[in-house]
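For reference, the structure discussed in these notes is given below.
Residue numbers (our numbering): 1 to 467.
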């Protein structure tokens with residue numbers, strides 16, 4: 001099996017041959033590729049021997065030999081050994097032992113079951129990927145969205161409910177919805193990635209082997225995992241409680257859902273009959289193979305399509321909650337695809353950030369659509385003015401007036417027994433005067449998330465320095 005040469009176009013996965021074309025691709029693979037998985041498992045094995053050395057059970061020289069062996073391990077040699085013995089983790093142990101030497105070999109994997117290593121390695125690499133790549137990219141996206149919301153906070157737009165014109169707001173206010181929703185999901189993703197756990201509790205989680213080897217297995221587990229920056233699971237069988245990873249995937253997929261909802265809104269605003277925004281096209285970009293005039297909302301549609309692929313994957317994660325007694329292997333295949341969800345979310349994050357950063361706004365179309373149905377959307381303030389002045393059945397009276405084609409502003413003046421106030425007259429002058437708190441709310445929400453994202457970035461930076 002030759003895995004030394006990476007040819008993305010020989011890959012079966014579209015994530016490789018279609019979407020993972022970016023300067024950061026090598027760094028993504030450093031956490032999520034199979035080579036990364038093997039190296040993270042080797043790192044955990046080395047940390048275990050180092051913990052034994054710290055306890056005085058083996059020498060520091062043995063720990064150093066294992067650490068050096070772990071730094072030289074490759075997926076290709078482990079897979080080659082697995083073809084011979086048909087066991088993934090033992091293949092890794094054999095390769096490490098061969099590199100570390102006969103003196104160090106007995107200490108490698110001592111007291112561990114496969115999932116002590118696999119589960120801990122996965123927790124470590126998913127956490128590292130989220131901290132070092134996914135969360136920083138999401139913070140950049142949030143800052144782009146905040147900037148866009150503030151830029152367009154006064155750009156009047158017709159609101160839409162059920163696909164119909166509703167009452168006015170601003171484009172910035174509409175975008176600000178996603179500032180809040182995205183921000184909340186970023187925070188939750190960070191919490192869930194930080195809460196991923198490891199284990200060193202043995203074949204059924206009861207510390208059988210550890211109790212034979214160690215004076216205090218619980219304290220040893222805690223100390224060993226702390227060297228990796230992890231905490232032990234509150235309880236484990238042969239496997240770590242699956243809810244830690246499930247929480248992370250739920251946070252990731254629900255965040256992906258925010259992307260999809262935003263992308264839907266953005267692509268519908270580009271419809272020919274609406275035309276309020278546009279994606280920037282490069283000079284040579286082609287929108288259709290037969291219609292040269294087409295400029296499709298390709299990026300937003302692509303993000304929605306990626307979401308459709310990966311949102312069902314979280315159901316598989318829910319299925320992986322179930323494992324008979326202390327462990328079965330019904331997650332042996334499905335658990336290998338977890339990293340693809342995080343990878344796809346990262347790809348979508350970069351694409352959405354780039355697209356929003358180049359978003360064009362057609363202000364003429366905004367104004368045309370805003371005023372197109374003002375003779376009808378003025379109905380709400382007319383109804384409220386009537387009702388506030390004690391007119392019975394105000395809503396029904398305004399509804400009938402709209403249906404009969406009345407000029408509502410003139411009609412309202414006749415219906416009232418008093419002249420309109422200056423404030424009421426101003427409200428009825430045009431949709432741009434009936435915006436409620438759209439501008440203020442946009443400013444408040446954006447400021448709140450500017451502060452939260454800045455605090456999150458400072459926290460991440462200080463933590464990275466400690467690491």
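We treat Cβ as the ideally placed atom computed from N, Cα and C, and that holds for glycine.
Contact check, residue i vs residue j, beta carbons under 8 Å
{"i": "residue 104", "j": "residue 66", "result": "yes"}
{"i": "residue 63", "j": "residue 50", "result": "yes"}
{"i": "residue 366", "j": "residue 130", "result": "no"}
{"i": "residue 118", "j": "residue 96", "result": "no"}
{"i": "residue 139", "j": "residue 445", "result": "no"}
{"i": "residue 303", "j": "residue 260", "result": "yes"}
{"i": "residue 38", "j": "residue 92", "result": "yes"}
{"i": "residue 306", "j": "residue 213", "result": "no"}
{"i": "residue 398", "j": "residue 386", "result": "yes"}
{"i": "residue 236", "j": "residue 201", "result": "yes"}
{"i": "residue 373", "j": "residue 165", "result": "yes"}
Buried versus exposed, by CB contacts within 10 Å (16 or more), residue i
{"i": "residue 396", "result": "exposed"}
{"i": "residue 462", "result": "exposed"}
{"i": "residue 116", "result": "buried"}
{"i": "residue 8", "result": "exposed"}
{"i": "residue 369", "result": "buried"}
{"i": "residue 417", "result": "exposed"}
{"i": "residue 319", "result": "exposed"}
{"i": "residue 310", "result": "buried"}
{"i": "residue 291", "result": "exposed"}
{"i": "residue 185", "result": "buried"}
{"i": "residue 84", "result": "exposed"}
{"i": "residue 106", "result": "exposed"}
{"i": "residue 94", "result": "buried"}
{"i": "residue 11", "result": "exposed"}
{"i": "residue 337", "result": "exposed"}
{"i": "residue 351", "result": "buried"}
{"i": "residue 217", "result": "buried"}
{"i": "residue 285", "result": "exposed"}
{"i": "residue 458", "result": "exposed"}
{"i": "residue 41", "result": "buried"}
{"i": "residue 348", "result": "buried"}
{"i": "residue 451", "result": "exposed"}
{"i": "residue 317", "result": "buried"}
CB contact below 8 Å: residue i versus chain C
{"i": "residue 211", "result": "No chain C appears in this structure, which consists of one protein chain only."}
Nearest-angstrom Cα separation, counted from residue j out to residue i
{"i": "residue 48", "j": "residue 90", "result": "15 Å"}
{"i": "residue 262", "j": "residue 108", "result": "50 Å"}
{"i": "residue 443", "j": "residue 434", "result": "18 Å"}
{"i": "residue 71", "j": "residue 80", "result": "18 Å"}
{"i": "residue 472", "j": "residue 270", "result": "The first residue shown for the chain is 1 and the last is 467, placing residue 472 beyond what the model contains."}
{"i": "residue 267", "j": "residue 99", "result": "55 Å"}
{"i": "residue 382", "j": "residue 334", "result": "58 Å"}
{"i": "residue 275", "j": "residue 295", "result": "11 Å"}
{"i": "residue 191", "j": "residue 182", "result": "14 Å"}
{"i": "residue 2", "j": "residue 341", "result": "Reliability fails at residue 2, whose pLDDT of 44 lies under 50, so the model's placement of it is uncertain and the value that follows must be treated cautiously. When rounded, the distance between both Cα atoms is 26 Å."}
{"i": "residue 207", "j": "residue 171", "result": "58 Å"}
{"i": "residue 34", "j": "residue 75", "result": "7 Å"}
{"i": "residue 61", "j": "residue 203", "result": "28 Å"}
{"i": "residue 423", "j": "residue 409", "result": "14 Å"}
{"i": "residue 257", "j": "residue 391", "result": "45 Å"}
{"i": "residue 253", "j": "residue 24", "result": "22 Å"}
{"i": "residue 160", "j": "residue 19", "result": "33 Å"}
{"i": "residue 371", "j": "residue 300", "result": "27 Å"}
{"i": "residue 520", "j": "residue 174", "result": "The chain is shown only over 1 to 467; residue 520 falls outside these bounds and no answer can be derived."}
Of the listed residues the options, nearest to residue i (C-alpha basis)
{"i": "residue 225", "options": "212, 195 and 151", "result": "195"}
{"i": "residue 227", "options": "98, 442, 124 and 36", "result": "124"}
{"i": "residue 438", "options": "92, 150 and 183", "result": "150"}
{"i": "residue 222", "options": "233, 212 and 213", "result": "233"}
{"i": "residue 245", "options": "309, 392 and 313", "result": "313"}
{"i": "residue 240", "options": "218, 198 and 279", "result": "198"}
{"i": "residue 405", "options": "415, 387, 375 and 385", "result": "375"}
{"i": "residue 243", "options": "166, 35 and 315", "result": "315"}
{"i": "residue 353", "options": "415, 280, 231 and 68", "result": "280"}
{"i": "residue 327", "options": "253, 102, 21 and 113", "result": "113"}
{"i": "residue 158", "options": "407, 145, 377 and 409", "result": "377"}
{"i": "residue 389", "options": "56, 44, 412 and 371", "result": "412"}
{"i": "residue 69", "options": "102, 441, 205 and 58", "result": "102"}
{"i": "residue 454", "options": "146, 21 and 46", "result": "146"}
{"i": "residue 430", "options": "317, 355 and 380", "result": "380"}
{"i": "residue 162", "options": "132, 88, 265 and 324", "result": "265"}
{"i": "residue 331", "options": "142, 220, 359 and 238", "result": "238"}
Cβ separation of residue i and residue j, assumed to be a contact under 8 Å, to the nearest whole Å
{"i": "residue 346", "j": "residue 248", "result": "Not confirmed; about 14 Å, so no contact."}
{"i": "residue 298", "j": "residue 362", "result": "Residue 298 to residue 362, Cβ: 18 Å. No contact."}
{"i": "residue 339", "j": "residue 134", "result": "With 8 Å as the limit, residue 339 and residue 134 do not qualify as a contact, their Cβ atoms being about 11 Å apart."}
{"i": "residue 343", "j": "residue 78", "result": "Contact flag wrong, Cβ pair sits at about 22 Å."}
{"i": "residue 168", "j": "residue 425", "result": "No, residue 168 and residue 425 are not in contact; Cβ-Cβ is about 17 Å, not under 8 Å."}
{"i": "residue 189", "j": "residue 251", "result": "4 Å"}
{"i": "residue 144", "j": "residue 357", "result": "5 Å"}
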